[in-house]
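These notes are about the structure you will find just below.
Protein chains: 2
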Amino acid sequence: MRAGPSQEEIRRQNLGALLRYVHVHGATTRAELTTALGLNRSTIGALTADLAGAGLVSEGTPRETGRAGRPSLVVRPASERVYAYAYSIEVDRLRAARVGLGGEVLDRRDLDRPRGLDAAETAPLLAAALKEMHQYAPPDALCIGAGVAVCGMVRKADGLVRLGPTTGWVDEPLGTALADELGLAVSVTVGNVADVAAFAEHARGVAAGCDNVIYLYGDVGVGAGIIAGGRRLTGHGGYSGEVGHMVVVRAGAPCDCGRRGCWETEIGEHGLLRAAGRSEARGRDALLAVFDAADRGDARATTAVRQAGDWLGFGVANLVNIFNPEMVIFGGTMRDLYLAAAAQVRSRLHANALPACLEHVRLRTPKLGEDAPLIGAAELAFDRLLADPLDAG
Amino acid sequence: MRAGPSQEEIRRQNLGALLRYVHVHGATTRAELTTALGLNRSTIGALTADLAGAGLVSEGTPRETGRAGRPSLVVRPASERVYAYAYSIEVDRLRAARVGLGGEVLDRRDLDRPRGLDAAETAPLLAAALKEMHQYAPPDALCIGAGVAVCGMVRKADGLVRLGPTTGWVDEPLGTALADELGLAVSVTVGNVADVAAFAEHARGVAAGCDNVIYLYGDVGVGAGIIAGGRRLTGHGGYSGEVGHMVVVRAGAPCDCGRRGCWETEIGEHGLLRAAGRSEARGRDALLAVFDAADRGDARATTAVRQAGDWLGFGVANLVNIFNPEMVIFGGTMRDLYLAAAAQVRSRLHANALPACLEHVRLRTPKLGEDAPLIGAAELAFDRLLADPLDAG
């Protein structure tokens with residue numbers, strides 16, 4: 092039960108709204124901001140001056156418009172000066188980037204990730220990548236924090252990875268290990284890769300403007316990032332979206348989680364490779380080889396892909412009945428599977444979903460591609476700045 | 092992308108917050124309001140004066156406290172003067188109530204509902220119950236609207252019932268039919284019974300203070316009202332929460348929806364009666380007779396109840412993995428089934444849910460009992476008043 096905000100809170104909200112607008116939309120004229128935010132010109136002027144004073148935006152004249160009269164000043168996010176570090180911990184590699192306000196990747200490093208590294212061994216590698224990139228950041232630049240995308244269940248409170256199917260991690264304190272390596276100057280936020288990618292696609296990708304979105308992300312396992320009513324669904328502890336462990340076959344195939352018949356045993360890497368008669372194979376390349384074989388008419392691969400596509404539609408139908416979304420996005424290996432078996436996915440989805448729940452659903456692939464986890468990890472860090480721009484500055 | 096609120100919006104938010112507080116908590120001293128809402132004494136005084144001027148609250152001295160000094164004035168919701176009409180459309184009956192601000196049922200009428208009535212035939216019965224109760228309302232009282240709880244999928248925008256398993260309705264315009272009967276003076280909001288009951292339990296029932304809640308409601312079908320991050324999950328069109336149509340058995344038993352193997356075919360009325368060898372029976376009494384027979388040791392009834400309990404735990408585990416809630420509430424026939432087979436429910440839930448998703452989950456039955464749909468329907472109507480108290484007055 093909260094009362095309305097104080098004067099100071101309103102100013103903070105307005106500063107955050109203006110900064111978020113240029114962060115998402117890029118350079119914007121004062122006139123457009125006035126319309127978009129519903130504030131009068133003098134308020135926009137005062138807010139812009141405050142943000143410019145803190146070095147978060149810059150103002151300048153727009154390019155020649157060819158129209159008469161004094162042009163409206165353009166407000167730009169200070170992308171070169173204000174940035175976040177973003178990490179993505181993936182099966183075989185670690186990715187690190189320096190991402191400017193506005194969402195531009197300014198610098199990046201990719202590292203091999205030997206399987207078997209724990210959080211304490213991973214954190215120094217991430218910190219080293221940061222130090223290397225830091226040398227190239229302008230000396231007066233402002234780092235507003237670091238965000239990390241990782242496969243697995245992440246405790247909201249402190250970034251503990253409870254269960255990471257990709258990494259094999261169980262209760263690995265990634266958030267605190269990385270914070271220890273980076274020191275007090277850089278705050279760390281850890282998020283599940285599907286949540287983070289959903290956040291990115293919602294902020295500046297294919298789901299911009301959609302308030303009800305399911306982003307299905309496949310890797311070794313399958314998880315979902317969910318936007319409901321315009322907000323990220325996190326659940327009580329941060330573990331929501333474990334849709335890969337929706338059991339779809341009682342006494343089905345054994346799952347990495349120790350149970351049987353989880354959805355990901357039918358649509359995940361292991362299940363698809365097993366169905367294609369390639370149980371010994373591993374990794375995304377092996378999976379792409381199956382799609383490729385199916386493309387070339389290999390009967391067993393074709394059957395495996397169609398069957399997995401049918402199961403993909405089956406589970407998505409359940410989620411559509413539960414969430415009534417506007418959009419379902421297929422990311423990671425789910426993108427590959429969806430593109431290889433779209434007919435099966437659609438057919439099963441239409442057979443199993445309730446018509447009312449399905450009627451406005453669009454099926455999409457991500458717009459941000461491979462960079463979505465990095466962009467989303469950066470958004471985790473920017474989110475704090477946008478909530479209270481002058482405090483973080 | 093919205094900017095912070097204007098002065099006028101803040102005042103409205105504060106008025107709403109104060110009114111909501113006394114609506115939920117009942118009579119509250121100004122001192123408590125100051126603490127609870129984080130506003131200073133003079134602001135609380137001014138807001139209270141505005142609300143009292145509009146007849147929405149009254150102020151008075153509290154009962155004798157035994158303490159020295161001038162007692163803090165007590166603010167009370169004007170329950171006798173400000174009210175909503177609430178309806179619940181159930182399998183065999185129509186329930187109508189006049190509910191005062193503060194959530195007290197001031198008057199009620201129960202009517203038999205012959206199966207087979209459509210929305211146009213139902214609306215006059217609801218309107219007649221309203222007119223009857225209206226005679227007993229104080230002449231200066233203020234009706235702020237009507238809310239309706241109905242089984243089925245309800246379009247958010249206009250209260251069209253897309254599919255009502257209890258009523259057999261398909262695309263019945265309940266919202267507009269009732270609005271036509273009631274006239275312009277009474278605005279109508281229609282909600283799915285599970286959503287509405289969840290809203291009620293979250294506002295003033297067993298889930299008060301819980302931000303992530305699944306309220307599972309059983310009747311002929313099974314649906315869920317979901318609170319995520321403190322807010323009602325509605326989905327894009329208003330159809331979210333159709334968990335009864337999560338398919339759990341491919342090629343399973345036929346469902347009323349035309350598909351096969353939906354969860355409700357295992358835990359709903361028809362499935363349970365079929366498993367107990369009573370396929371011809373119908374309705375809640377028949378269901379209670381099965382639980383009763385199981386209680387008395389009838390082997391077939393016992394097996395049917397245990398099996399349904401296991402399936403109940405199975406589906407709840409899937410939902411726990413998807414939502415990571417703090418609380419699952421079992422309402423309607425799901426309450427009966429949960430109480431009859433709690434051991435099976437818990438056992439399957441613990442076997443199938445991921446430990447991290449399950450670790451803070453409490454299983455509960457509703458606090459508001461049979462009145463939850465009525466209380467929640469009234470809350471739908473009150474919600475508009477609380478969003479902007481002086482406008483609605």
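Protein chains in written order, with my numbering: chain A, 92 to 484; chain B, 92 to 484.
C-beta: ideal position from N, C-alpha, C; glycine also.
Computed from a prediction, not measured in an experiment: that's the story for all the values here.
Discussion item. Could you tell me which whole beta strand (DSSP E) segments of length 3 or greater appear in the segment 239 to 299 of chain A?
Written reply: 252 to 255, 260 to 263 and 279 to 283
Worksheet entry | the segment 360 to 373 of chain B touching the segment 334 to 341 of chain B, judged by at least three CB pairs closer than 8 angstroms | no
Item to complete: Could you round the C-beta distance between B:ARG189 and B:ARG204 to whole angstroms and report it? I think they count as a contact, below 8 angstroms.
Response: So it is not a contact: roughly 19 angstroms between Cβ atoms.
Worksheet item: According to the Cβ coordinates, are A:ALA463 and A:ALA232 closer than 8 angstroms?
Response: no
Worksheet item: For A:THR119, which option in A:SER133, A:THR134, A:GLY320 and A:THR139 has the closest C-alpha, if you only look at C-alpha atoms?
Response: A:THR139
Item to complete: Please go through the same chain and pick out, in chain order, the residues whose beta-carbon is closer than 8 angstroms to the beta-carbon of B:CYS346, but skip the five residues on each side of it.
Response: HIS336, GLY352, CYS353, GLU355 and THR356
Discussion item. By DSSP's criteria, B:PHE421 is part of a beta bridge. Which residues make up the other side?
Written reply: B:LEU307
Discussion item. For A:MET92 and A:ALA399, what's the separation of their Cα atoms in angstroms?
Written reply: With a pLDDT of 43 at A:MET92, under the threshold of 50, the predicted position of this residue should be treated as unreliable, though the coordinate-derived value follows. Those two C-alpha atoms are separated by around 47 angstroms.
Worksheet item: Considering A:LEU142, what are the terminal residues of the alpha helix (DSSP H) in which it resides?
Response: 132 to 144
Item to complete: Take the Cβ of B:LEU142 as the centre, count every other Cβ of all protein chains shown within 10 Å, and call the residue buried at 16 or more, exposed below.
Response: buried
Worksheet item: Which residues, in order along the segment 382 to 400 of chain B, keep a beta-carbon less than 7 angstroms from a beta-carbon of chain A?
Response: none
Item to complete: Give the secondary structure of B:GLU195 by DSSP, where H, G and I count as helix, E and B as strand, and everything else as coil.
Response: strand
Worksheet item: What are the boundary residues of the beta strand (DSSP E) that includes A:GLU150?
Response: 148 to 151
Worksheet entry | Where A:PRO168 sits in the DSSP three-state scheme | strand
Item to complete: Measure the CB-CB distance between B:ALA210 and B:ALA248 and report whether it falls below 8 angstroms.
Response: no
Discussion item. Can you tell me whether A:GLU223 is buried or exposed? The criterion is at least 16 other CB atoms within 10 Å of its CB, across all chains shown.
Written reply: exposed
Practice prompt. Consult DSSP for B:THR119 and reduce its assignment to one of helix, strand or coil.
Written response: strand
Discussion item. Counting only Cβ-Cβ distances shorter than 8 angstroms, please list the residues of the segment 335 to 369 of chain B near chain A, keeping chain order.
Written reply: HIS336, MET337, VAL338, VAL339, VAL340, ARG341, CYS348 and ARG350
Worksheet item: At what residue ranges does the segment 309 to 396 of chain A contain a whole run of the beta strand (DSSP E), taking only runs of 3 or more?
Response: 313 to 319
Fill in: Those residues which DSSP pairs with B:LEU202 across a bridge
B:LEU185
Worksheet item: Relative to chain A, which residues along the segment 237 to 252 of chain B have a C-beta separation below 9 angstroms, given in chain order?
Response: MET244 and ARG246
Discussion item. On the CB-based measure, 16 or more other CB atoms within 10 Å of its CB, does A:VAL173 come out buried or exposed?
Written reply: buried
Worksheet item: Would you say A:SER438 and A:GLY404 are within 8 angstroms of each other, going by their C-beta atoms?
Response: yes
Item to complete: Determine the DSSP secondary structure at A:ARG93, reduced to helix, strand or coil.
Response: At A:ARG93 the pLDDT is 49, less than 50, meaning the model places this residue with poor confidence and gives no usable figure here.
Item to complete: Pull up the distance between the alpha-carbon of A:LEU147 and that of A:ALA472, whole angstroms please.
Response: 15 angstroms
Worksheet item: To which residues does DSSP link A:CYS448 through a beta bridge?
Response: BP columns for A:CYS448 are empty, so no partner.
Worksheet entry | Contacts of A:LEU254 in chain B (Cβ-Cβ under 8 angstroms) | LEU445 and ALA447
Worksheet item: Under a three-way DSSP split, which group does A:TYR227 fall into?
Response: coil
Worksheet entry | Within-8 angstroms CB hit, B:THR424 to chain A | no
Discussion item. Would the segment 126 to 134 of chain A count as touching the segment 122 to 141 of chain B if we require 3 or more Cβ pairs under 8 angstroms?
Written reply: no
Practice prompt. Tell me, please, which residues DSSP counts as bridged to A:ALA127.
Written response: Beta-bridge pairing links A:ALA127 to no other residue.
Discussion item. I want to verify the contact list: residues of chain A whose CB lies under 9 angstroms from the CB of B:GLU123, in sequence order.
Written reply: Going along chain A, no residue has its Cβ under 9 angstroms from B:GLU123, so there is no contact; the nearest lies around 11 angstroms.
Worksheet item: What three-state label does DSSP hand B:LEU454 in the structure shown?
Response: strand
Practice prompt. Compare the C-alpha of B:PRO457 against each of B:LEU378, B:ALA175, B:SER331 and B:ILE420 and name the closest.
Written response: B:ILE420
Practice prompt. Report the three-state DSSP secondary structure of A:SER179 (helix, strand or coil).
Written response: strand
Discussion item. For A:GLY151, count the other beta carbons within 10 Å of its own beta carbon; 16 or more makes it buried, fewer makes it exposed. Which is it?
Written reply: exposed
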